Amino acid sequence: MDRLASMETFVRVVETGSFSGAARQLRVGQPAVSKSIAQLEQYLGVKLLTRSTRGLTPTEAGLGYLERARRALEEAAEAELAARGAGAGLKGRLRISAAVTFARIHLIPLLPKFLAQNPELDLEIVLDDRQIDLVQEGIDVALRMGKLMDSALTARRISRCKHLVVGTPAYFDRAGTPATPSELSKHQAIVYLQEGRVWSFRRNSSEAAVTVQSRLRVTAAEGVRAAVLADVGLTIASEWMFSPELRSGIVRAVLSEWSLPALDLWAVLPSGRAATAKARAFVDYFERTFST
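Take 0 as the starting number for the sequence shown in numbering that gives the first Met the number 0 and just add one per residue.
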């Protein structure tokens with residue numbers, strides 16, 4: 000019996016709540032997962048899992064073993080990475096999750112160099128504007144923006160950027176340029192549903208909250224970008240969302256003397272996963288190259 004492999008199988012079963020979920024993540028058949036757990040329980044001489052109406056749950060002994068198994072897997076992965084050395088590269092598969100627009104503009108262009116440095120590493124990029132369940136989807140590291148909702152995750156802040164009110168010169172020529180936040184109520188706003196219709200501004204000690212008018216509400220950032228570039232209206236967006244267009248002048252920011260809440264970028268990892276070494280290596284690379 001491969002003890003580390005059995006530990007990882009057990010951890011995946013607990014995290015996903017089923018043998019089938021663990022099998023999908025490990026890319027093996029469900030019988031292999033069941034056999035691995037049975038061998039581990041026989042080796043330890045204790046029952047680690049019980050079945051209930053809610054699925055598989057760890058026993059008291061299983062809970063105690065779970066945390067130690069997670070630490071052992073993480074330490075083993077870190078030891079392997081250190082033994083290979085920084086220049087030896089990484090191996091296996093790494094699943095990375097990110098929002099669609101952010102990945103297209105900022106993540107994907109950085110991947111060729113990372114792949115070249117690690118020729119034995121395969122990347123799977125899962126693109127979704129929603130905050131998906133990292134454990135259920137088998138994600139090793141996610142790049143997320145804004146406030147983190149799950150305190151059980153391990154997170155590192157990578158960067159921070161401004162929120163801006165943006166539109167095209169053609170739109171502002173047609174509708175006028177707002178001079179104060181209150182004037183936004185007269186404009187056609189493109190609302191990104193994750194942001195909402197109430198936009199809150201601050202300037203020195205002054206605050207202003209505006210409920211914008213909108214005939215177009217969009218669930219994905221790509222749609223917001225397309226609508227702005229089609230001169231439909233203005234929107235609030237992070238500098239990251241329109242960074243190429245802001246540099247070229249295709250899109251411009253207004254109300255620059257007012258500030259909106261800043262946006263944080265986080266690298267998020269599920270706690271205790273065996274892929275932590277690869278994930279951390281990627282996070283280090285991304286933080287280093289994204290910030291330059």
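Ideal Cβ positions, reconstructed from N, Cα and C, are used throughout, including at glycine.
On a predicted model such as this, the values are computed, not experimentally measured, just so you know.
Assigned secondary structure, residue i (DSSP; H/G/I helix, E/B strand, else coil)
i	result
K146	coil
T179	coil
G16	coil
A273	Only weak support is given to the placement of A273: the predicted model assigns it a pLDDT of 46, under 50, and the question is left unresolved by the model.
Q135	coil
T56	strand
I157	strand
K90	strand
D283	helix
A21	helix
E206	strand
A278	helix
V231	coil
Residue(s) in a DSSP beta bridge with residue i
i	result
R173	DSSP lists no partner for R173.
A97	L126
H162	S237
L48	P57
E119	K90
A141	S96 and V267
N-terminal and C-terminal residue of the alpha helix (DSSP H) that residue i is part of
i	result
G222	A220 to L228
I36	Q29 to L43
L268	Here L268 belongs to no alpha helix (DSSP H); instead the beta strand (DSSP E) covers L262 to L268.
R246	S242 to S247
Counted within 10 angstroms of its Cβ, other Cβ atoms place residue i as buried (16 or more) or exposed
i	result
A273	Residue placement at A273 cannot be trusted, given a pLDDT of 46 that sits under 50; the coordinates are not used to answer.
L62	exposed
S96	buried
P111	exposed
K277	buried
T179	exposed
Y170	buried
D128	buried
S237	buried
D139	buried
Boundaries of the beta strand (DSSP E) in which residue i is found, first to last residue
i	result
R214	Q212 to V217
Q187	Q187 to Y191
L109	Note, L109: premise wrong, no beta strand (DSSP E); not H, not E.
R103	That residue, R103, is in no beta strand (DSSP E); it is neither H nor E in DSSP.
R201	V197 to R202
R251	R251 to V253
Expected contact under 8 Å - CB spacing of residue i and residue j to nearest Å
i	j	result
F285	I157	7 Å
R11	A4	No, R11 and A4 are not in contact; Cβ-Cβ is about 11 Å, not under 8 Å.
L228	T167	7 Å
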